[in-house]
C-alpha cells in the first residue's frame with residue numbers, strides 16, 4: 014500500500030490539459046459574473062433618465078446587488094465546504110444568470126432592485142468558490158498567476174458589458190444588455206459536465222476512487238493503484254470554520270484582509286457605478302463615458318496578470334501594498350484636467366490597481382487559508398468586503414447629490430486605497446514574523462509560505 018500526499022501531487026504537477034480545462038471553465042464563469050455585475054454602471058444614465066432617479070436613489074439601487082453579493086459570499090462560501098464546490102457553483106450560476114435576464118423585464122425600480130438583489134446572491138457566492146477550486150488544482154509555482162488569469166475574466170466581462178452597451182443600447186434600449194445573460198444558463202450542462210469537484214471534498218466524502226482518477230489527470234506521471242491511500246493535511250477541520258479563521262496566529266491577518274477587501278471593493282464599485290456618470294457630467298458624450306469603463310476593465314487585466322506574476326516571484330502582500338498606493342494616486346489625478354491620452358492612461362492604471370488588486374486579494378486569501386477553511390475564509394473576506402462595495406455606489410450618489418467639485422469626488426474615492434495599502438503592509442509584516450516563528454532552523458521558508466498557511 015502506497016501513501017500518496019495529494020498536496021505534493023498537485024503542487025509539483027506540470028501545467029497540462031486538465032489545468033487548461035479548469036482555468037477555462039472557471040474563467041468563463043467569472044466572465045459572465047463580471048458582465049452581470051458591471052452592467053448596472055452601463056445602464057445607470059438611462060435608468061436615471063427613464064425613472065427620474067436622483068443620484069442618491071440611483072446609488073441605493075446599485076447597492077441592492079451588492080447586498081445580495083455580501084449575503085451570497087457569506088452563505089455559499091461555507092455551504093460549499095459541506096455540499097461541494099461543484100453544486101455550489103451550479104446553484105450560483107442559475108441565480109445570477111436567471112435573475113439578470115429578468116432584470117430586462119423590470120417595469121419599475123422596485124422590481125429592478127429585487128432582481129438585482131437575488132442575482133447578487135449568485136454573483137457573490139460563485140466568486141469564492143471558483144477561486145478556491147482554481148487554487149486547489151493549480152501547480153504551486155504558478156498558483157497566483159493562474160488565479161489572477163482566471164479572475165481577469167471579471168474584467169473581460171466588464172469590457173463586454175461596456176462594449177455591448179455602446180452597440181446595443183442606442184438601437185434596442187437598455188433592456189437588451191440584460192437579455193445577453195441567458196448564455197450561462199444555456200452553457201450550464203457543459204459547465205456541470207467538465208468542471209471537476211474539489212479533491213478535498215471527494216476525500217471527505219470517501220470517494221477515493223474518483224479522487225485517484227482526478228489526480229491522474231492532474232499529473233499524468235502519477236499512476237493510481239486501487240490500494241493507494243490518499244491523504245492531505247487538514248482534510249478534517251475541527252470546530253466552527255469561521256472561528257478557525259482567527260486561530261493559530263491568523264487573527265490579525267484575517268482582520269487586515271477584511272479591511273483590504275472592504276477598501277478595495279469600495280473603490281472598485283464606486284468607479285464601476287459612477288465613472289460613466291461623472292465623465293458625462295464633466296462634458297463627455299455617453300459613448301466616450303462608456304469607453305472609459307471599457308478602459309478601466311482593460312487595465313484590470315494587465316494589473317491582475319502582471320501582479321500575479323510578480324506575486325509568484327516576489328511577495329504577494331507587498332505587491333498588493335504597492336498597488337494600493339498607485340490606486341490612490343491614479344484615482345486622485347483623475348479629478349484634474351488632463352489631455353485625453355493621459356486621462357485614458359490614468360483610468361487604465363486605476364483599473365489595474367483597483368479591480369486588478371481585488372483579483373490579487375482573492376489569490377492572497379486563497380493561499381493564506383488551508384483547504385478545510387479556504388471557501389469559508391474566501392467567503393467571509395468577500396462578504397465583509399461587500400460592505401465596501403455597498404458603500405461605494407452610495408458614497409458616489411451622496412457626493413453627486415451635494416454637487417462637489419470633480420476633484421473632491423475622486424479624492425474621496427482614492428482615500429480607501431491608502432488605508433488598504435496600510436492593511437496589506439501590516440499583513441506582510443505579520444506573515445514574515447509568523448514564518449520566522451514556524452520551526453526555526455528546521456526548514457527554509459519560501460516566499461509562498463510567507464503569505465500564510467499555504468496548503
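Residue numbers (our numbering): 14 to 468.
Using N, Cα and C, we set each Cβ at its ideal position, and we do this for glycine too.
Bear in mind the structure is a predicted one, so any value in this text is a computation, not a measurement.
N- and C-terminal bounds of the alpha helix (DSSP H) containing residue i
i: residue 21; result: 19-24
i: residue 243; result: Premise fails: residue 243 lies in the beta strand (DSSP E), 242-244, not in any alpha helix (DSSP H).
i: residue 406; result: 384-414
i: residue 423; result: 419-450
i: residue 38; result: 30-64
i: residue 217; result: 212-217
i: residue 141; result: 122-150
i: residue 331; result: 329-347
i: residue 287; result: 264-294
i: residue 260; result: Looking at the DSSP string, residue 260 is not in any alpha helix (DSSP H), and its letter there is neither H nor E.
i: residue 88; result: 68-96
i: residue 119; result: Residue 119 -> no alpha helix (DSSP H), and no H or E assigned at all.
i: residue 156; result: 156-164
i: residue 193; result: Premise fails: residue 193 is in no alpha helix (DSSP H) and is neither H nor E.
Residue of the options minimising C-alpha distance to residue i
i: residue 100; options: 143, 32, 255 and 23; result: 143
i: residue 171; options: 414, 31, 345 and 285; result: 285
i: residue 397; options: 84, 46 and 52; result: 84
i: residue 77; options: 438, 408 and 403; result: 403
i: residue 192; options: 201, 178 and 202; result: 178
i: residue 469; options: 36, 89, 107 and 310; result: The question about residue 469 has no answer here: the residues shown for the chain are numbered 14 through 468.
i: residue 440; options: 269, 372 and 364; result: 269
i: residue 90; options: 105, 79 and 80; result: 105
i: residue 364; options: 336, 265, 408 and 387; result: 336
i: residue 368; options: 278, 349 and 239; result: 278
i: residue 17; options: 56, 232, 208 and 93; result: 232
i: residue 23; options: 352, 156 and 50; result: 156
i: residue 135; options: 443, 93, 20 and 159; result: 93
i: residue 400; options: 313, 139, 438 and 282; result: 282
i: residue 29; options: 245, 230, 307 and 357; result: 230
i: residue 266; options: 81, 63 and 437; result: 437
i: residue 348; options: 417, 307, 148 and 116; result: 417
i: residue 407; options: 227, 426, 394 and 147; result: 426
i: residue 11; options: 366, 120 and 154; result: Lying outside 14 to 468, the shown extent of the chain, residue 11 is not represented and no answer is given.
i: residue 130; options: 357, 15, 115 and 374; result: 115
i: residue 189; options: 117, 238 and 356; result: 117
i: residue 357; options: 424, 390 and 313; result: 313
Distance between beta carbons of residue j and residue i, contact taken as under 8 angstroms
i: residue 392; j: residue 214; result: Not a contact, Cβ separation roughly 15 angstroms.
i: residue 288; j: residue 430; result: Actually they do not touch by this definition, with Cβ atoms about 15 angstroms apart.
i: residue 376; j: residue 273; result: Incorrect: roughly 13 angstroms between the Cβ atoms, too far for contact.
i: residue 109; j: residue 86; result: In fact, because the Cβ distance is near 12 angstroms, the residues do not count as touching under 8 angstroms.
i: residue 290; j: residue 57; result: 6 angstroms
i: residue 344; j: residue 305; result: That belief does not hold up - the Cβ atoms of residue 344 and residue 305 are roughly 13 angstroms apart, past 8 angstroms.
i: residue 145; j: residue 388; result: 5 angstroms
i: residue 419; j: residue 342; result: In fact, because the Cβ distance is near 17 angstroms, the residues do not count as touching under 8 angstroms.
i: residue 243; j: residue 225; result: 7 angstroms
i: residue 334; j: residue 280; result: Not a contact, Cβ separation roughly 15 angstroms.
i: residue 49; j: residue 103; result: In fact, because the Cβ distance is near 16 angstroms, the residues do not count as touching under 8 angstroms.
Coil, strand or helix - residue i by DSSP
i: residue 457; result: Since pLDDT at residue 457 reaches only 42, below the 50 mark, its modelled position is unreliable, and no value is offered.
i: residue 250; result: Residue confidence is low: residue 250 scores 47 on pLDDT, short of 50, so the model does not pin down where it sits. Its coordinate-derived value is still stated next. The answer is coil: DSSP assigns residue 250 none of H, G, I, E or B.
i: residue 352; result: coil
i: residue 468; result: Because the pLDDT of residue 468 is 33, which lies under 50, any placement of that residue in the model is unreliable, and the question is left without a value.
i: residue 235; result: coil
i: residue 14; result: coil
i: residue 323; result: helix
i: residue 220; result: coil
i: residue 188; result: coil
i: residue 230; result: helix
i: residue 202; result: helix
i: residue 462; result: At residue 462, the pLDDT of 42 sits below 50, so the modelled position is not reliable; the number obtained from the coordinates is stated separately. Three-state result, residue 462: helix.
i: residue 209; result: coil
Within-8 angstroms CB hit, residue i to chain D
i: residue 383; result: This model lacks chain D altogether; it includes just one protein chain.
### Query
Does the stretch 183-200 come close enough to the stretch 39-56 to have 3 or more Cβ pairs within less than 8 angstroms?
yes
### Task
Spell out a yes or no on whether the stretch 439-447 and the stretch 319-326 are touching, meaning 3 or more CB-CB pairs, one atom from each, closer than 8 angstroms.
no
### Message
Under 8 angstroms: do the stretch 411-424 and the stretch 120-136 share three or more Cβ pairs, one atom per stretch?
### Response
no
### Task
Examine the Cβ distances between the stretch 254-262 and the stretch 362-381 and report whether three or more of them are shorter than 8 angstroms.
no
### Message
Quick test of the definition: if touching needs 3 or more C-beta pairs under 8 angstroms, does the stretch 200-210 touch the stretch 184-191?
### Response
no
### Any 3 or more C-beta pairs closer than 8 angstroms across the stretch 29-38 and the stretch 158-166
yes
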